[in-house]
Amino acid sequence: MREKLKYGPLAGILIALVGIGICLVVYEGDYLWNAQEQNLFLYDRHFLEEMMVKPAGGLSWIGAWLTQFFYHPWLGVTILCLWWAALMALTAKVFRIPCKWAFLLFIPVALLLLAIVGVDYWIYYLKLRGFLFMPTIGWTLALALTWGYTGVPQRRYMRLFYVLVVALAAYPLMGWYGLAALVLMGTLSWRLDGMTQLEKVVATILVLLAVVGVPLFCYRYVYHETNVADMWFAGLPVFTMTEHYDGYDYPYILLAVYYLALACCYRKRPLDSGVRRIMVWSALQGALCALLAWGVYTYWYKDSNFHQEMAMKRSLELCDWDAIIQRAQHLNEEPTRAMMMVKNLALFRQGRLGDEMSLYGNGSLHGNTKLPIRMMQVVGKSLYYHYGLVNYCYRWCMEDGVEYGWRVETLKLMARCSIINGEYQLARKYLTLLRQTRYHKEWAEQQEQLISHPQQLKKDPAYAPVFPLMGYDNSLNSDLSIAESFLMNHLARINTKQPQLQELSLWGAIWTKNISMFWPKFFQYLSLHPGQRIPLYYQEVAYLYGQLEGQVDTRRLPLDEGVALTYQRFTERVQQYPGMSEQYLSEALKNEFGQTFYYDYFLNRDQQLY
Numbered sequence: 188m189r190e191k192l193k194y195g196p197l198a199g200i201l202i203a204l205v206g207i208g209i210c211l212v213v214y215e216g217d218y219l220w221n222a223q224e225q226n227l228f229l230y231d232r233h234f235l236e237e238m239m240v241k242p243a244g245g246l247s248w249i250g251a252w253l254t255q256f257f258y259h260p261w262l263g264v265t266i267l268c269l270w271w272a273a274l275m276a277l278t279a280k281v282f283r284i285p286c287k288w289a290f291l292l293f294i295p296v297a298l299l300l301l302a303i304v305g306v307d308y309w310i311y312y313l314k315l316r317g318f319l320f321m322p323t324i325g326w327t328l329a330l331a332l333t334w335g336y337t338g339v340p341q342r343r344y345m346r347l348f349y350v351l352v353v354a355l356a357a358y359p360l361m362g363w364y365g366l367a368a369l370v371l372m373g374t375l376s377w378r379l380d381g382m383t384q385l386e387k388v389v390a391t392i393l394v395l396l397a398v399v400g401v402p403l404f405c406y407r408y409v410y411h412e413t414n415v416a417d418m419w420f421a422g423l424p425v426f427t428m429t430e431h432y433d434g435y436d437y438p439y440i441l442l443a444v445y446y447l448a449l450a451c452c453y454r455k456r457p458l459d460s461g462v463r464r465i466m467v468w469s470a471l472q473g474a475l476c477a478l479l480a481w482g483v484y485t486y487w488y489k490d491s492n493f494h495q496e497m498a499m500k501r502s503l504e505l506c507d508w509d510a511i512i513q514r515a516q517h518l519n520e521e522p523t524r525a526m527m528m529v530k531n532l533a534l535f536r537q538g539r540l541g542d543e544m545s546l547y548g549n550g551s552l553h554g555n556t557k558l559p560i561r562m563m564q565v566v567g568k569s570l571y572y573h574y575g576l577v578n579y580c581y582r583w584c585m586e587d588g589v590e591y592g593w594r595v596e597t598l599k600l601m602a603r604c605s606i607i608n609g610e611y612q613l614a615r616k617y618l619t620l621l622r623q624t625r626y627h628k629e630w631a632e633q634q635e636q637l638i639s640h641p642q643q644l645k646k647d648p649a650y651a652p653v654f655p656l657m658g659y660d661n662s663l664n665s666d667l668s669i670a671e672s673f674l675m676n677h678l679a680r681i682n683t684k685q686p687q688l689q690e691l692s693l694w695g696a697i698w699t700k701n702i703s704m705f706w707p708k709f710f711q712y713l714s715l716h717p718g719q720r721i722p723l724y725y726q727e728v729a730y731l732y733g734q735l736e737g738q739v740d741t742r743r744l745p746l747d748e749g750v751a752l753t754y755q756r757f758t759e760r761v762q763q764y765p766g767m768s769e770q771y772l773s774e775a776l777k778n779e780f781g782q783t784f785y786y787d788y789f790l791n792r793d794q795q796l797y
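For any residue, its number in the working numbering is found by taking its place in the sequence shown, counting from 1, and adding 187.
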């Protein structure tokens, strides 16, 4: 009976890890895939040397190496769960946690899980490479070093010598986690057998001196690119922009408190109990595990739009326009502007922009985050590329590379911009780097094949649609970091007879709601598409502007009969709400007219751009 109960917690741990892995793959697969796109690991000696110029560089190097496996989310998650299993086993071994306290082993996994799924939009802003894996690796190594300390025989001050070696070797490789290992050793010194009172005091003093002195020594003689205030936190992500954002670092703080509490409560012998007590404790642990699961679910970042953005970005990388449109058709809440812009790009690529741009919701819901996010960091650079502003795309990739470090996504876009500009030598520079990765080597080789046969660029789905959109002077100017506003005003100012680019120019003029800018674009559109049906949205714009100004006889325009009837019905419904605020009218008429330009023009003015 005792043996059966002994293996019960092991089965529970296995089931829990499998369940966590399935949840991560199903609900966070696109997020994890994008995490590896925001990462970069090169199988190159110079890359390793670059990582090692900062404390915790070795830990970050391993974390970046493991992050690349999220290219296949199931593979990265499998590695992560196996590492968590090892961490749980090591935690039980180091602190002698018996089966009846197996619940304690789930706590660090829960906190490490929240450190991954609670990052939200910081995925674009954090500069620490491998941050998704680093706390798992760091604590595993810290516990391994602590376990080694407990196993060192206490002869001739060998434990004190061990502390000294760890202090000098662990900090450069592990940063903060090396210091955490030292603190655990110092705490356990008071709980272990075989040490005299003097040795315990000396070990504690040695740990304190090492925690304070080693970072200062490294700052003075080894690392010259790290601020002195950051030396003690090397290896931890910094959740600070112009101000610090609380909440994101709580899992890291609680993990440190958890392991320190275990060290303080360390017992010389593992606890044991009878069968009845084990059964009682098993029931209690089940209740505590349920409470822990509820806490993880509560603080799991569940913003639907964030995950939709991640999925759309993945489809955008593959130029899978149908997948983007299908997602836009099945949204459960108001979309963000980034989602709207990606959806409109997909519709344009499919030749459906004028008829369907307002069918799937036209919102501007801000992301559920405290961060001052910019569309530029989310999809802005890709939008610039796909709309032909390759110089702006390249410029932002360069600035982000300098600010946040080089990433796979950035290098890919810079390579594409260079190729489409005919700067093949520059493109090879970025492709050479991507060839040193595990999962993007094939992509780089495909681009090099295109460079070797430039005529194939006109057929490639990532390049062919962009060439017609580059028929203007692509000079550089300030976009004030507001991608949508700059892009739409830029398109509205273009004068061209190229049909695709001219339709974008018409769309830009509609976006500005500038009537005098619209009419020349509209009549040019008619001349470039003689005898063709005008997309419904463009018809509604022309009819409304004709009614507002009275300078164009809309009866002479090739408009559908339903356009005028819809406008008449709209005005009648508005008159049914005399004296009502614009916000009230917006909600009252959204279901009936939210897909029309009339609604957008009068009741959907406050689009929050970012």
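Here a beta-carbon is modelled for each residue, glycine too, at the ideal position from N, C-alpha and C.
Under the three-state reduction of DSSP, which class applies to residue i: helix, strand or coil?
i, result
"His553", "coil"
"His233", "helix"
"His431", "strand"
"Phe780", "helix"
"Trp248", "helix"
"Gly208", "helix"
"Ser662", "coil"
"Val462", "Caution applies to Val462, whose pLDDT of 49 falls short of 50 and renders its modelled position unreliable; the value that the coordinates give is listed next. Val462: helix per DSSP, three-state reduction."
"Phe256", "helix"
"Gly718", "coil"
"Glu521", "coil"
"Val739", "coil"
"Gln685", "coil"
"Gly548", "coil"
"Ile284", "coil"
"Asn791", "coil"
"Phe673", "helix"
"Ser668", "coil"
"Gln225", "coil"
"Asn531", "helix"
"Tyr453", "coil"
"Leu219", "helix"
"Val728", "helix"
"Ile702", "helix"
Out of the options, which one is the CA nearest neighbour of residue i?
i, options, result
"Ala729", "Ala222, Val750 and Gly718", "Val750"
"Leu449", "Ser703, Tyr437 and Trp377", "Trp377"
"Leu393", "Met527, Val350, Asp417 and Tyr484", "Val350"
"Leu313", "Pro686, Tyr771, Ser665 and Leu558", "Leu558"
"Asp509", "Arg524, Leu532, Ala525 and Phe493", "Leu532"
"Tyr659", "Gln689, Glu635 and Ala356", "Gln689"
"Ala302", "Tyr435, Asn555, Leu291 and Ala498", "Tyr435"
"Gln755", "Glu769, Tyr785 and Tyr571", "Tyr785"
"Trp270", "Met321, Val304 and Trp220", "Met321"
"Leu423", "Lys387, Cys451, Gly381 and Tyr358", "Tyr358"
"Gly381", "Trp334, Gln341, Ser668 and Thr374", "Gln341"
"Ala649", "Lys616, His627, Cys604 and Gln685", "Cys604"
"Leu262", "Met238, Val306 and Gly208", "Gly208"
"Thr624", "Gln223, Phe228 and Leu204", "Phe228"
"Leu505", "Gly482, Val529, Leu691 and Leu552", "Val529"
"Val388", "Val398, Gln642, Gly373 and Val401", "Gly373"
"Glu671", "Val264, Tyr797, Leu211 and Cys405", "Tyr797"
"Met361", "Arg760, Met238, Glu521 and Gln738", "Met238"
Since I believe residue j is in contact with residue i (beta carbons under 8 Å), could you give me their beta-carbon distance rounded to a whole number of angstroms?
i, j, result
"Tyr547", "Leu656", "With a Cβ gap of about 23 Å, Tyr547 and Leu656 do not count as contacting."
"Lys700", "Tyr788", "6 Å"
"Ile249", "Gly317", "7 Å"
"Arg594", "Asn221", "Actually they do not touch by this definition, with Cβ atoms about 10 Å apart."
"Pro295", "Leu478", "Their Cβ separation, rounded to whole angstroms, is 16 Å, which puts Pro295 and Leu478 out of contact at 8 Å."
"Met544", "Asn492", "Actually they do not touch by this definition, with Cβ atoms about 19 Å apart."
Any Cβ of chain D within less than 8 Å of the Cβ of residue i?
i, result
"Tyr311", "No chain D appears in the structure shown, which is made up of a single protein chain."
* To do: Mind listing, in chain order, the continuous alpha helix (DSSP H) runs of no fewer than 4 residues lying wholly within the segment 742-767?
  => DSSP runs (the alpha helix (DSSP H)) wholly in the segment 742-767: 748-762.
* To do: Let me know the beta strand (DSSP E) ranges lying completely inside the segment 349-427, each 3 residues or longer, listed in chain order.
  => Taking only runs of at least 3 residues, no beta strand (DSSP E) segment lies wholly in the segment 349-427.
* To do: Check whether the segment 714-734 touches the segment 742-749, counting contact only when three or more Cβ pairs, one atom from each stretch, lie closer than 8 Å.
  => Contact between the segment 714-734 and the segment 742-749 is present, because at least three Cβ pairs lie under 8 Å.
* Should the segment 271-287 be regarded as contacting the segment 194-213, the criterion being three or more beta carbon pairs within less than 8 Å? -> Yes: at least three Cβ pairs fall under 8 Å.
* To do: For the segment 571-656, list the alpha helix (DSSP H) runs that are entirely contained and at least 4 residues long, ordered along the chain.
  => Whole alpha helix (DSSP H) segments, 4+ residues: 577-591, 595-607, 611-621 and 628-639.
* Decide if the segment 324-343 is in contact with the segment 231-241; the criterion is three or more beta carbon pairs, one per stretch, under 8 Å apart. => The answer is no - the segment 231-241 does not touch the segment 324-343, with fewer than three Cβ pairs under 8 Å.
* Would you call the segment 425-445 and the segment 330-341 in contact, with 3 or more CB pairs under 8 Å? -> Output reads no: the segment 330-341 does not touch the segment 425-445.
* To do: Assess, as a yes-or-no matter, whether the segment 532-544 is touched by the segment 619-637 under the definition of 3 or more beta carbon pairs within less than 8 Å.
  => No, because fewer than three Cβ pairs between the segment 619-637 and the segment 532-544 fall closer than 8 Å, the two stretches do not touch.
* To do: Would you check if there are 3 or more beta carbon pairs closer than 8 Å linking the segment 304-311 to the segment 246-265?
  => No, because fewer than three Cβ pairs between the segment 304-311 and the segment 246-265 fall closer than 8 Å, the two stretches do not touch.
* To do: Report yes or no: do the segment 676-685 and the segment 581-588 share at least 3 C-beta pairs separated by less than 8 Å?
  => No, they do not touch.
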